[in-house]
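Each residue of the sequence shown is one higher than the one before, counting from 52 in the numbering used here.
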Amino acid sequence: AWLIQWLADNLGYDVTSIVALPYDWRLSPDKMESRDGFLTLMRKKIEAAVESNGLPGIMVAHSMGNAVFRYFLEWLRVQMQHEAYARYAQQAEHAIATAAVSSHHRGPFWRGRAIYRNIVGGRENNTHTAEEDEIFVDFTRAFEPDATEKSKSNHQNKENRMEDDDETNSAGSTRKYPKLWELAKMEGDSQWIDWLGKHVWTYVGLAAPLLGAPGPLRSVLSGENMGLPFTDEEARILELSFGSTSSVNPIPTKMGF
52 AWLIQWLADN LGYDVTSIVA LPYDWRLSPD KMESRDGFLT LMRKKIEAAV ESNGLPGIMV
112 AHSMGNAVFR YFLEWLRVQM QHEAYARYAQ QAEHAIATAA VSSHHRGPFW RGRAIYRNIV
172 GGRENNTHTA EEDEIFVDFT RAFEPDATEK SKSNHQNKEN RMEDDDETNS AGSTRKYPKL
232 WELAKMEGDS QWIDWLGKHV WTYVGLAAPL LGAPGPLRSV LSGENMGLPF TDEEARILEL
292 SFGSTSSVNP IPTKMGF
């Protein structure tokens with residue numbers, strides 16, 4: 052509250068130019084997203100504020116909010132990769148389906164075709180030739196699911212059931228179109244950088260526990276009631292139940308740099 056008051060008194064900010072992003076500090080960021088859609092809502096609020104004011108914003112985070120914001124940035128990057136892949140996969144399946152119906156109607160001019168055409172010949176015009184159509188068909192087939200690779204992937208997944216799903220997905224080994232996933236990661240990263248440039252002018256971290264903080268660790272080991280009306284032992288039990296506790300524990304400087 053003091054920060055908002057200071058911004059209003061000294062820099063002229065008001066309700067039209069300050070966007071609050073409160074969160075449940077007990078939960079880890081991934082749980083906030085799965086339970087409340089917090090990260091998705093945060094993205095929409097930032098985009099709406101920038102659209103309304105016409106200028107990128109200044110992100111100010113305090114204490115644990117810095118860890119939440121850093122998590123949001125990484126989440127947004129992966130989210131944009133997934134969004135790019137979903138578009139590629141939809142366009143690929145539509146192109147494959149329409150190519151089977153008619154040799155003259157190929158569906159929408161999808162981005163992957165343009166990328167491939169630039170790679171093989173650097174063509175910049177939109178004139179359709181028999182050679183280009185043949186290239187397009189070959190390109191479409193190249194991104195169809197490979198039965199052999201899919202079989203190997205399924206067999207490997209059965210042998211490694213304990214492997215983290217996010218890791219296999221990020222590697223593209225369990226995706227229907229692994230090659231399109233590689234393209235989607237590049238496009239997603241590019242869109243992520245563009246998004247940051249458009250929406251975040253600068254970032255100010257106040258009391259940022261970028262290497263963790265001793266308080267949460269002390270609370271877990273011996274308990275700390277922070278002045279609240281219960282014992283340190285009761286506080287310790289509560290701290291151990293919070294998903295956010297481990298996210299702000301101290302980390303070695305070797306990991307932080």
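Just so you know, even glycine gets a beta-carbon here, dropped at the ideal spot from N, CA and C.
Report the CB separation of residue i from residue j in whole angstroms; it is logged as a contact under 8 Å.
i: residue 271; j: residue 296; result: 6 Å
i: residue 249; j: residue 101; result: 7 Å
i: residue 255; j: residue 111; result: 5 Å
i: residue 283; j: residue 294; result: So it is not a contact: roughly 21 Å between Cβ atoms.
i: residue 260; j: residue 114; result: 7 Å
i: residue 243; j: residue 127; result: 6 Å
i: residue 227; j: residue 140; result: 7 Å
Assign residue i to buried or exposed, taking buried as 16 or more other Cβ atoms, counted over all protein chains shown, within 10 Å of its Cβ.
i: residue 53; result: exposed
i: residue 285; result: exposed
i: residue 265; result: exposed
i: residue 120; result: buried
i: residue 83; result: buried
i: residue 125; result: exposed
i: residue 98; result: exposed
i: residue 78; result: buried
i: residue 135; result: buried
i: residue 118; result: buried
i: residue 63; result: exposed
i: residue 258; result: exposed
i: residue 137; result: exposed
i: residue 76; result: exposed
i: residue 278; result: exposed
i: residue 116; result: buried
What number of angstroms, rounded off, separates the C-alpha of residue i from the C-alpha of residue j?
i: residue 129; j: residue 239; result: 8 Å
i: residue 287; j: residue 96; result: 35 Å
i: residue 234; j: residue 81; result: 26 Å
i: residue 133; j: residue 241; result: 13 Å
i: residue 68; j: residue 93; result: 16 Å
i: residue 66; j: residue 56; result: 11 Å
i: residue 103; j: residue 280; result: 44 Å
i: residue 147; j: residue 302; result: 49 Å
i: residue 85; j: residue 131; result: 17 Å
i: residue 71; j: residue 61; result: 18 Å
i: residue 58; j: residue 108; result: 14 Å
i: residue 276; j: residue 263; result: 19 Å
i: residue 122; j: residue 290; result: 21 Å
Considering only DSSP beta bridges, list what residue i is partnered with.
i: residue 254; result: 110
i: residue 261; result: 263
Counting only beta-carbon atoms, is residue i nearer than 9 Å to chain D?
i: residue 244; result: The chain inventory of the structure shown lacks chain D, comprising one protein chain alone.
>> List, from N- to C-terminal side, the alpha helix (DSSP H) runs of 4 residues or more that fit wholly inside the stretch 264-290.
In response: At a cut-off of 4 residues, the continuous stretches assigned as alpha helix (DSSP H) that sit fully inside the stretch 264-290 are 265-272.
>> Give the list of continuous alpha helix (DSSP H) stretches no shorter than 4 residues that lie fully inside the stretch 114-156.
In response: 115-152
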